[in-house]
Amino acid sequence: MKQTELKEFLDEKADFYNNPSFIESDPIQIPHQFSKKEDIEIAAFLTATISWGNRKMIIQNASKMMELLEFSPHDFILNHQENDLKLLNKFIHRTFNSVDLQQFVKSLQHIYLNHKGLESALLISDKSDTYQTAIHRFKELFFEIPHSNRTQKHISDPMKNSAAKRINMFLRWMVRKDSCGVDFGIWKKHNPANLSCPLDVHSGNVARKLGILKREQNDWKALSELDKKLRKFDKNDPVKYDFALFGLGVFEKFS
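Set out below in structure tokens:
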């Protein structure tokens, strides 16, 4: 397939999957339950954090988290007392358990009280055109308060060559300006041109089958390779192709 034909094919698939019906079966439905900016971004961050495994289970457990946070995640995180954290004691999603959730609540409070919130804490502060150093820096801020070492694994570090799939998905949700109403685009200080696709087994396999990714591991080096290709197709909104790659892999079994 020629590059022009490949771009047309991916544009068509992105348009097909990037529509409100996508929300119904996707974890992004959880933050869509909120209207306040901080509630949306916290719900999105926590949902993205547990987004691995069975999608129905992800949605079910993300809903449970919102219930435990009394459906006011921002208010709970800012104003919780130590005693309130006991409410979270029975939460578990695969390897993310109540110890991790309690730590995330404390660390998010720290981010909002001391680092101006998630939007500011994840800003690209160097001259980079990707979020590699921004995510690395965010992880440092997140865990600069006392924490359990076991919880650190739940935020990936691209500087250690992780593809950081879940936090890149969260960034897509928050930053990408979407006329179709799936992604929120509420982080106005960020530039969608700097976003990277959330690279997982599905999108990676589809990208390889289409010839836009050669590297076999799903790591940051592979993501950088994919970035270069997708930014040639659309320099302003490269991550829209996540809809195409994901849809082809999950719904069409293209890979």
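First residue of the sequence shown: 946, per the numbering used here; consecutive thereafter.
Note that beta-carbon positions come from the ideal geometry of N, C-alpha and C, so glycine has one too.
N1028 sits exposed, since fewer than 16 C-beta atoms from the chains shown fall within 10 Å of its C-beta. Rounded to whole angstroms, the separation of the alpha carbons of T1096 and I1003 is 18 Å. Here the alpha carbon of K1154 sits roughly 15 Å from the alpha carbon of E950.
The DSSP-derived three-state label of D1164 is strand. With at least 16 other beta carbons inside 10 angstroms of its own, P1183 counts as buried. Secondary structure of H1055 (DSSP, three-state): helix.
Scanning its chain for C-beta atoms nearer than 7 Å, with the 5 sequence neighbours on each side dropped, one finds around Y1057 the residues I1022 and L1023, in chain order.
Note on P965: under 16 other CB atoms within 10 angstroms of its CB, so exposed under the neighbour-count rule.
Going by DSSP, K1122 is part of no alpha helix (DSSP H) at all; its letter is neither H nor E. By the Cβ rule, the segment 1188 to 1196 counts as touching the segment 951 to 961, because three or more pairs are nearer than 8 Å.
Residues of the same chain with a CB within less than 6 Å of the CB of A1109, apart from the 5 flanking positions on each side, are I1080, S1101 and P1103 in chain order. DSSP links I1037 through a beta bridge to N1042.
Collapsing the DSSP output to three states places S966 in a helix. Contact check between the segment 1004 to 1017 and the segment 973 to 981: three or more CB pairs, one atom from each, fall below 8 Å, which counts as touching.
Around the beta carbon of D1071, fewer than 16 other beta carbons sit within 10 angstroms, so the residue counts as exposed. Just measuring C-alpha positions, the residue of F1083, H1099, T1075 and C1125 sitting nearest N1136 is T1075.
Taking C-beta atoms under 8 Å as the contact rule, S1017 and M1114 fail to qualify, at a distance of about 24 Å.
DSSP places S1008 inside the alpha helix (DSSP H), whose first and last residues are R1000 to L1013. Taking the Cα of G1194 as reference, the smallest distance to any Cα among R1160, K1180 and V1151 is reached at V1151.
Burial state of G1156 is exposed, judged by a 10 Å Cβ sphere holding fewer than 16 other Cβ atoms.
In the DSSP secondary-structure assignment, S1107 is bridged to D1164.
For the set I1112, R1000, N1042 and F1041, the Cα lying nearest the Cα of A1066 is the one of I1112. E1161 and D1145 have their C-alpha atoms spaced approximately 12 Å apart.
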